[in-house]
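Quick note: this note's numbering has the sequence shown finishing at residue 311, numbered continuously throughout.
Heads up, the beta-carbon is just placed ideally off N, CA and C, and yes, glycines get one too.
All values derive from a computational prediction rather than experimental measurement.
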Amino acid sequence: MARQQRTIITCAITGAIHTPTMSDALPYTPDDIAQQAVDAAEAGASILHLHARRAHDGGVSVDTDDFAAFLPRIKQATDAVVNISTGGSLTLSIADRVKPATIFSPEMCSLNMGSMNFSFHPLAKRYEDWKFDWEKAYVEGSEGNIFRNTFRDIREAAETLAPHDIKFEHECYDVGHLYNLKFCMDTGLFKAPIFIQFIFGILGGIGPEIDNLIFMKRTADRLFGDNYRWSVLGAGGAQMSLATSASQMGGNIRVGLEDSLFISRGKLAESNAQQVAKIRRIVEDLGCTVATPDEARDILALKGGDRVNF
Ligand code: KMH
Ligand code: ZN
2 MARQQRTIIT
12 CAITGAIHTP
22 TMSDALPYTP
32 DDIAQQAVDA
42 AEAGASILHL
52 HARRAHDGGV
62 SVDTDDFAAF
72 LPRIKQATDA
82 VVNISTGGSL
92 TLSIADRVKP
102 ATIFSPEMCS
112 LNMGSMNFSF
122 HPLAKRYEDW
132 KFDWEKAYVE
142 GSEGNIFRNT
152 FRDIREAAET
162 LAPHDIKFEH
172 ECYDVGHLYN
182 LKFCMDTGLF
192 KAPIFIQFIF
202 GILGGIGPEI
212 DNLIFMKRTA
222 DRLFGDNYRW
232 SVLGAGGAQM
242 SLATSASQMG
252 GNIRVGLEDS
262 LFISRGKLAE
272 SNAQQVAKIR
282 RIVEDLGCTV
292 ATPDEARDIL
302 ALKGGDRVNF
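Here it is, written out as structure tokens:
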């Protein structure tokens, strides 16, 4: 596969893993989500991966009203591509998780390519006092949760969203997810070029070693040839180093407080934009050029920012 000329930076602004106790910088009110998203775009992110949160206590949400409270503000203030998560709850059905995308018809959506025990329960031991009542049980409860995306769920998401011409960020947490994606592609669910997010370092998925990045990339090359574009997300302490390696291999990268709360070892990030600025500096110093939103649209064959519904 030819080396790509531009590096797309995705920033995942808030997610559904971290909780308000873990960092004061984690945005959860609509104002903070919108502001941090706009700042991240200004710092160099051409894609904004967005989850909603409950404004009053930071709980995870797939409520369309919670998305409606920040999406138009982001659109007015930036040209960045908006990507709405369909993985915003560990427990709700695919129909509930896809609903915001059916209402807002964004250019992109995330889609987890399998079912897994997506767990972050070890984080609970780090905190004694919690800002909100729900947080401790939520974090501990992930030990027993199956994040579910069966083949039927994936088909349902693809078929429901097909009329919206949305490009998926196919989230692959292990090598088997690449084979799941290949199966789905062969049955006609997804059009080339597909966009794969290789995810490393989530408990329940593949670890963050560079050997695994090479293994995932080689497997994807074999399965998809020229029909895919790719990006790397390293969770926690692996974020910056794996993003740097990926950019040097010709891939795209994802940072953001959804994936890591830190800017360097032991030091909390002040904002999403700070992480974007850091990785941008690194990849530019190493000879890469960061993609603008329109370049990202071109690389990923997106429908365009004028065809969203917010
Ligand atoms: N938090 C990431 C590891 C989703 O939104 O669909 C995975 C994620 C899931 O981004
Ligand atoms: Zn996400």
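In the three-state scheme derived from DSSP, where H, G and I count as helix and E and B as strand, VAL284 is classed as helix.
For ASN113, the beta-bridge partners assigned by DSSP are GLU172.
Residue nearest to ALA13 within the set GLU271, GLU259, ASP286 is GLU259 (criterion: CA-CA distance).
By the neighbour-count criterion, in which 16 or more other beta carbons inside 10 Å mark a residue as buried, GLU271 falls on the exposed side. Counting along the chain, VAL309 sits inside no beta strand (DSSP E), nor does DSSP assign it H or E at all. Per DSSP, ARG127 lies in no beta strand (DSSP E) and is assigned neither H nor E. The Cβ-Cβ distance between SER86 and HIS52 falls below 8 Å. With respect to the 8 Å criterion, ALA102 and LEU162 are classified as neighbours on the basis of their beta carbons.
Under the three-state reduction of DSSP output, GLY206 falls in the strand class. C-alpha of LEU269 to C-alpha of GLN37: approximately 15 Å in a straight line. Residue burial annotation: SER261 is buried, with at least 16 other C-beta atoms found within 10 angstroms of its C-beta. If you look at LEU162, you'll find it in the alpha helix (DSSP H) that goes 152 to 162.
For GLY88 and ALA193, the gap between their C-alpha atoms comes out near 22 Å. Classified as buried, THR15 has 16 or more neighbouring CB atoms from the shown chains inside 10 Å of its CB. About 7 Å separates the beta carbons of THR245 and VAL284, which is inside the 8 Å limit, making them a contact pair. Fewer than three beta-carbon pairs drawn from the region 38 to 45 and the region 102 to 117 are found closer than 8 Å, and the two stretches are therefore not classed as touching. Neighbourhood of the ligand ZN, defined by CB distance below 6 Å to any of its heavy atoms: ALA13, GLY16, HIS50, HIS52, SER86, GLY88, SER111, GLU259, in chain order. Counted as a single uninterrupted DSSP element, the beta strand (DSSP E) harbouring THR11 occupies residues 10 to 13. Checking the DSSP bridge columns, you'll see ASN253 partnered with SER232. Ranking VAL140, THR293, PHE169 by CA distance to the CA of HIS19 puts VAL140 first.
Residue environment analysis places SER120 among the buried positions, since at least 16 neighbouring C-beta atoms fall within 10 angstroms of its C-beta. Contact annotation, GLY252 with TRP231: C-beta distance approximately 5 Å; criterion of less than 8 Å satisfied. Inter-residue distance for ARG298 and VAL82 is about 8 Å (C-alpha atoms, whole angstroms). As the crow flies, the alpha-carbon of PHE191 is around 7 Å from that of CYS185. Within a 10 Å sphere around the beta-carbon of THR79 sit 16 or more other beta-carbons, which makes this residue buried. ASN84: member of the beta strand (DSSP E) spanning 82 to 85, first to last residue. According to the DSSP assignment, GLN6 belongs to no beta strand (DSSP E), since it is labelled neither H nor E.
For LEU49, the enclosing beta strand (DSSP E) starts and ends at 48 to 51. The nearest non-hydrogen atom of the ligand KMH is 7 Å or more from the C-beta of GLU108. Between ASP154 and the set PHE133, LEU182, GLY145, GLU129, the nearest pair of CA atoms involves LEU182.
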